[in-house]
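Working notes for the structure below.
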Amino acid sequence: MAQNNTMTREARKASQNQTRSKTGRGGQPKRKRPLWRRIIRWALLLILAGILLGAGLFFYYAKDAPKLSTEELTKGGSSVVLASNNHQITRLGSENRSYVKSSEIPQQLKDAVVSIEDRRFYSEPLGIDPIRIVSSALHNITNPNSAPQGGSTLTQQLIKLSYFSTNKSDQTLRRKAQEAWLAMQAQQKYSKEQILEYYINKVFMSNGAYGMGTAATLYYGKSLSQLSLAQTALLAGIPNAPSSYDPYVHPDAAKARRDLVIQAMLDNKKITSAQAQTAINTPITTGLKSQSEVTASENNAVIADAYIQEVVKQVKKLGYDPYRDNLTIKTNLNWDAQQHLYDLVNGDTIAFPDNSLQTGVTITDPNNGNVIAMVGNRKVGQVQMALNHATQTDRSNGSTMKPLLDYAPAIEYLNWATNHTVDDSEYTYPGTNIQLKDWDLQYQGEMTMRQALAVSRNIPAVRTLETVGLSKASSFVSNLGIKIASDAGLSVGIGDNISTLQVAAAYNAFANGGTYYQPQYVASITTADKVVHHYDDNEGQTAMKSSTAYMITDMLKDVITSGSGTATQISGLYQAGKTGTTGYTDEELAKNPALNNTVKDSWFAGYTKHYSIAVWTGYDKSAQQGVADQTIAQLIYRNMMSYLSTNVTNSDWTKPSTVVRIGNVLYVKGHQPATTTDNKPSSSSSSSSSESSSTSVESSSSESSSTSVESSSSESSSTSVESSSSESSSTSVESSSSESSSTSVESSSSESSSTSVESSSSSSESSHSEGSDNNNETGNKEGV
């Protein structure tokens, strides 16, 4: 019975629960919710889930975004390099960009950029524009055949240009998330004016230009503030598709884009209808530079390539990065001279034997050390940063070393007179069995220092260096920017591995009376913040006595008038110089007999009071081919010196009071013969005195030298010995000159008609006489 009652109660509860499920509270029937409400509910849930998922994914991607920095937003600029006359040579940097500050950007350009790129730029609080993103997306969906619209703000575009690739294949969700994240950070960190400044300087403007300031100069030769409305609108429109809107390649498309910018400015109420119509009616070519002018910068960079390389080195030494610091670098380059020099070595004015013969040329100003022109090669096409032969130091300078290391120290330290007797006789390097000989395998006996230098005899030069002492001579040239290796032997007296830059700079001291100036390329640097730093106060240092400089110059005049450098003669010009060559060893000749009658290196270094020029010629593969025509270096010098000297004064060097001239002989004051006085004009030309001097004059001046004077400069010499030495020197030189004249290439161009000992000995010098400046009996370079 109890069991039945229990089952009845359970049945009743089940029945009641079933009834409640069909009714609501209060016993009323329960109504089902509408379907649309359930759809909205699920849609909202899905949207919320999507937002949460998107936010999570956004922050997941954003956490790996690059760090925002001002350096990244502004970097990529370039430095402009100017010649001394402010002619633009080139730009340095991965991007051709001249940075302009916001204060230098005219409002007209800002209005144009904002109107065409991002009308709500100033009112966007986040750096991104959700409204624009949605509207652009809808436009692209509903107009699949039209040009797609972008939803990026100016801030986003700046971020994209600064951090990311602009390739469509790289426009991934990850990258867009990071772009938006950085844009929002930029919005918080920078003002609108700063962001606009960064953008205007960052955009690519076609034809290798970055930034609208750069483009203004490139296309119109003007600053941004000087542009017309039509020109400004063109620049504002190019960044959207730089290649498509190139005004040279696609002028019609460029005009259409420009007009669109103008219309956008009108719609944005930044210009009037009249202004818009006038600008639209302006031809796209108005004010536009020719395309050849636009590409000229690249050609300039090739013309001045060697010089630019040295500018970069100097700017870096001054603590700047020329590729990133947006500098304006004014140089000491004489652009007209540079172009003339480039055309000279690459043209047909000089008969180069082939396109493989290379050259290196440095031209300096003796009065301040400024390097005014330089070429480092020839016939290399449009190659930039090519091997610079003007500064290379792996080729010997041959006999251009003799005035520097041998004879100048002899005058400086030993007070030698220009007629000091030197000996061209058999010579073996001390402590060795290595004999030194000249190209002709001949000895000319005793001669004056002036004669030995004019005809470039090797043995007298090395004997002179030995007398002075290599250590003392090395110290002397160290004051001229030349470092002699501590383990060098006496062979450096007839050539060492130094550059045309070093030779030209060292000869500056001869030209200016004894002062050495460090070679200088940069005149001033203007930084991005418009601060100008000047570097034109190059202070020189005294490298030698004025007497030494003058006496060397006086002797080097003979090299040109009657010695080994007659091919450099320029009518009426006061100049001095020295030839130099290096020959091949016997071993090298044995390996390649075709090298016979050629030299490895051919030089000429010369100067006036205004310019110092050093020229090297040779082949890069010298083991395969040598220089046959040794006058080419001289012809380069003569052409350039003639060109440069046209518009400057031409005057002889003034003899300092510390030098005494007696006839054709110069003495350091206090070391002249005691019984004579200085009776010659202080600025008399050595060339004229050399031409008029005779054997008797040279002999008599030698004979009049006192024993005490000679003893200070030559061991155990006496008046009688000096006299006989002079006479034997005359006979020996004349004889040697006569014997060698038939085979001497140089003798045909030398002044063989002169009756003076110096002139006749000069005539014996051939273009080949320099060919073995560093050869000994076996043809090996001395290592003693």
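Following my numbering, the numbering of the sequence shown begins with 70 at its first residue and continues without gaps. Heads up, the beta-carbon is just placed ideally off N, CA and C, and yes, glycines get one too. Quick caveat: nothing in here was measured; it's all calculated off a predicted structure.
Nearest to residue i by CA position, among the options, is which residue?
i	options	result
Q513	Q504, P529, W250, P499	P529
T497	N337, P320, L505	L505
E186	M334, L296, S153, Y314	M334
D434	M454, Y392, V414, N401	N401
A592	N437, N581, S494, Q225	N437
T648	W404, Q703, D328, G196	Q703
Y389	T595, D623, L178	T595
G675	T686, N719, T622	T622
G450	R464, S711, N415	N415
P588	D605, K245, L287	D605
Y680	Y259, V444, Y576, P194	Y576
S616	R107, S148, G582	G582
L426	L137, W685, E535, N548	W685
A580	K724, S540, T651, L456	K724
S184	Q157, H156, L223, E173	L223
Any idea what DSSP makes of residue i, helix, strand or coil?
i	result
S816	Note that S816 has pLDDT 33, beneath the 50 cutoff, so the model's placement of it is unreliable and the number below is only indicative. S816 falls in the helix class under three-state DSSP.
N844	For N844, the predicted structure reports a pLDDT of 40, less than 50, and the residue's modelled location is therefore unreliable. A value from the coordinates is still provided. Correct three-state label for N844: coil.
W685	strand
M274	coil
Y643	coil
N457	coil
N158	According to the sequence shown, residue 158 is Ile rather than Asn. Correct three-state label for I158: strand.
Q511	coil
I116	helix
H409	helix
A554	coil
Y680	coil
A592	strand
S192	helix
I731	strand
L151	strand
G649	strand
N369	helix
S465	strand
Using the rule of at least 16 other Cβ atoms within 10 Å of the residue's Cβ for burial, across every protein chain shown, is residue i buried or exposed?
i	result
V601	exposed
P352	exposed
Q693	exposed
E248	buried
V452	exposed
T143	buried
G500	exposed
D670	buried
P135	exposed
V531	buried
R730	buried
S560	buried
A542	buried
M443	buried
The alpha helix (DSSP H) with residue i in it runs from where to where?
i	result
R707	701 to 714
I621	615 to 630
S250	In the sequence as displayed, the identity of residue 250 is Trp instead of Ser. Taken as a continuous stretch (DSSP letters only), the alpha helix (DSSP H) holding W250 covers 242 to 258.
K179	176 to 186
M518	518 to 523
T139	139 to 143
G429	Careful: G429 lies outside any alpha helix (DSSP H), inside the beta strand (DSSP E) at 427 to 433.
I480	477 to 483
V169	Looking at the DSSP string, V169 is not in any alpha helix (DSSP H), and its letter there is neither H nor E.
N581	569 to 581
With residue i as the anchor, note down where its beta strand (DSSP E) starts and where it stops.
i	result
D493	490 to 493
F673	670 to 676
A442	440 to 444
K399	397 to 400
V601	601 to 603
Is it the case that the region 313 to 322 contacts the region 158 to 176, given that we only count it when at least three CB pairs across the two stretches are under 8 Å?
no
Check whether the region 371 to 384 and the region 335 to 354 are in contact - that is, three or more C-beta pairs closer than 8 Å.
no
Stretch pair the region 556 to 571 + the region 622 to 637: three plus CB contacts closer than 8 Å
no
Three-pair Cβ contact test at 8 Å for the region 397 to 411 versus the region 478 to 489:
no
Give a yes or no on contact between the region 297 to 313 and the region 324 to 333, applying the rule of three or more CB pairs nearer than 8 Å.
yes
Between the region 732 to 744 and the region 699 to 715, do at least 3 Cβ pairs fall closer than 8 Å?
no
Within 8 Å, do at least three Cβ pairs link the region 548 to 556 to the region 407 to 421?
no
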